[in-house]
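So, in C-alpha cells, the structure goes:
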C-alpha cells in the first residue's frame, strides 16, 4: 500500500498539514479508511458520506472525496466511533469502514493511540504514523450498509423571512422567531 | 474590494470549485464574510469559529481560516442563519458577521437568492456573483460577541473501551453500550 486516494503518502500528509494544521494520526488512519471505502464503491455512483465522529475523520473525507460539510454531502453523526461510511445518495446503499478491535491487537502503537492507553505526550508519534502506514487496511474491517431514508437527501429549509425579534433572515418553519431568539444562540446575552 | 483573505477573487473561486464542487453563491458571500470577520480579530489571537448554518458557510471558513470540522476549531450550530463568528478560543470574545436585511434591500439579486424569492433555475447566477463581488461588505454587519463557556474548548471523550454489544471501541461515558447500539445508528438494522 503506497497510495492514499490518488496521492502518495507524502503528498497526502502535506495536504493534511495545510488543511488540518498538523499531521494528526487520525488523519492518516482516516485517509486509509476513506481510501478503502472509496475502493468499494462502484465507479460512477454519486455518494454521500457519514463520519461517526467529529474528530479528524471528517477532514480525511473532505480531502479525499467530493463530500464536504458545506455542500451537504458529508454529515457528522457523532456516535463516538472511529468509523465512516460512503453510500449511494439516492438509495442509501454503501459501505462502512471501521477500526476493528480484533485486528488492532497486533498493532501496539495504534491500540495505545486509539484506546488512549498513554497520555499523548508519552506516545511516540513517528512510530505511530509508521505503524499506520505499515498496517494500512490490516487494522480495518468493512461491512455493507444501507442508510435509513431519514438520513438521505437534503431537507429544504423552505421559505425565508425576517425574524420579527432580531430582524435577520431565518427559515419560517423554525417558528414565530428564529432559533437564536428561541434561546439556542451560543453567545452571551443572545 | 479585490481580495478574499490573501487570494484574488479568481483564485478564491478556483479553490471553491476544487473543494466545494462548484462556485456556489453562498461560498462567495461566505468568503467575503469570513474575510471581514478575520479582519476584525487582533493579530496573534488563536480563534475558533462557529457557523450558524451547515449550508455553504462552513466551507468558506475551512478554506480561509485554520478552523476545520475535523480539528475541532469549527463548530456548526444550526440556527438557520447566514451568519458566522470568530472568537478567541480561550475567553470566547470575538465578532459575529451576518447578512443584514436593511443593507440587502439595495441589492436585488442577492435578496432574491437569500430569501429564495425565485426558484434557483430562474436566478441569474453570473449576475448574482457579480453583484456579490460588487457589494462586498456592503450587505454585511458585524457585532461584538462573547461565546458562552459551554461552547468553549473541546470536551474530552474520556476512557475508551470495546462496546460489549458490537465490539467496537467507544467512549465509556456514553453508557453501557455505544450510542449506535443505543439506537442512534443511521443504518438500517443498526
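Protein chains in written order, with the working numbering: chain A, 1048 to 1237; chain B, 1048 to 1237. Glycine residues also receive a C-beta, built at the ideal position from the N, C-alpha and C atoms. Since the model is a prediction, treat every value here as computed from it, not as a measurement.
Let me check understanding here. Comparing Cα to Cα, which of the options lies closest to residue i?
i               : options                            : result
residue 1195(A) : 1122(A), 1139(A), 1224(A)          : 1139(A)
residue 1176(B) : 1150(B), 1167(B), 1075(B)          : 1075(B)
residue 1071(B) : 1218(B), 1142(B), 1104(B)          : 1104(B)
residue 1154(B) : 1051(B), 1183(B), 1169(B)          : 1183(B)
residue 1232(B) : 1151(A), 1078(A), 1128(A)          : 1128(A)
residue 1130(B) : 1055(B), 1212(B), 1049(B), 1077(B) : 1077(B)
residue 1120(B) : 1198(B), 1205(B), 1058(B), 1080(B) : 1198(B)
residue 1099(B) : 1137(B), 1118(B), 1146(B)          : 1146(B)
residue 1206(B) : 1226(A), 1163(A), 1230(A), 1201(A) : 1163(A)
residue 1150(B) : 1123(A), 1209(A), 1054(A)          : 1209(A)
residue 1144(A) : 1086(A), 1054(A), 1220(A)          : 1086(A)
residue 1204(A) : 1211(A), 1212(A), 1219(A)          : 1219(A)
residue 1108(A) : 1089(A), 1167(A), 1063(A)          : 1063(A)
residue 1152(A) : 1050(A), 1178(A), 1102(A)          : 1178(A)
Given that residue i touches chain B, what residues does it touch there, using C-beta distances under 7 Å?
i               : result
residue 1204(A) : 1127
residue 1123(A) : 1116
residue 1072(A) : Near residue 1072(A) there are no residues of chain B at all, since even the closest Cβ is about 12 Å away, more than 7 Å.
So, helix, strand or coil for residue i, using DSSP?
i               : result
residue 1188(A) : strand
residue 1162(A) : coil
residue 1226(B) : coil
residue 1146(B) : strand
residue 1203(A) : coil
residue 1095(B) : strand
residue 1152(A) : coil
residue 1216(A) : strand
residue 1128(A) : coil
residue 1050(A) : strand
residue 1208(A) : strand
residue 1232(A) : coil
residue 1194(A) : strand
residue 1077(B) : helix
residue 1106(A) : helix
residue 1137(B) : coil
residue 1123(A) : strand
Give me the chain B residues within the contact set of residue i, using Cβ-Cβ distance strictly less than 8 Å, ordered along the chain.
i               : result
residue 1066(A) : 1109, 1115
residue 1119(A) : 1101, 1102
residue 1231(A) : 1124, 1126
Taking Cβ positions, are residue i and residue j nearer each other than 7 Å?
i               : j               : result
residue 1192(A) : residue 1234(B) : yes
residue 1148(A) : residue 1222(B) : no
residue 1073(A) : residue 1111(A) : no
residue 1224(A) : residue 1189(A) : no
residue 1065(B) : residue 1133(B) : no
residue 1118(A) : residue 1068(B) : yes
residue 1157(A) : residue 1186(A) : yes
residue 1092(A) : residue 1135(A) : yes
residue 1106(A) : residue 1115(B) : yes
residue 1056(A) : residue 1180(A) : yes
residue 1097(A) : residue 1079(A) : no
residue 1126(B) : residue 1227(A) : yes
Residues of chain A with CB closer than 9 Å to the CB of residue i, please, in chain order.
i               : result
residue 1091(B) : Result: empty, since nearest Cβ-Cβ is about 16 Å, beyond 9 Å.
Against residue i, what residues of chain A qualify as contacts under a CB-to-CB distance less than 7 Å, listed in chain order?
i               : result
residue 1193(B) : 1234, 1235
residue 1097(B) : 1233
Show which residues of chain A have a CB atom less than 8 Å away from the CB atom of residue i.
i               : result
residue 1146(B) : 1215, 1216
residue 1209(B) : 1148
For residue i, return the contacting residues in chain B, with the cut-off set at a CB-CB distance below 9 Å.
i               : result
residue 1106(A) : 1109, 1115, 1116, 1117, 1118
Hey, is residue i's beta-carbon within less than 7 Å of any beta-carbon in chain E?
i               : result
residue 1150(A) : The chain inventory of the structure shown lacks chain E, comprising the protein chains A and B.
Residues in the region 1149 to 1182 of chain B having any Cβ partner in chain A nearer than 7 Å: 1161, 1162, 1163
Interfacial residues, the region 1211 to 1227 of chain B to chain A, with Cβ spacing under 8 Å: 1214, 1215, 1216, 1217, 1218, 1221, 1225, 1226, 1227
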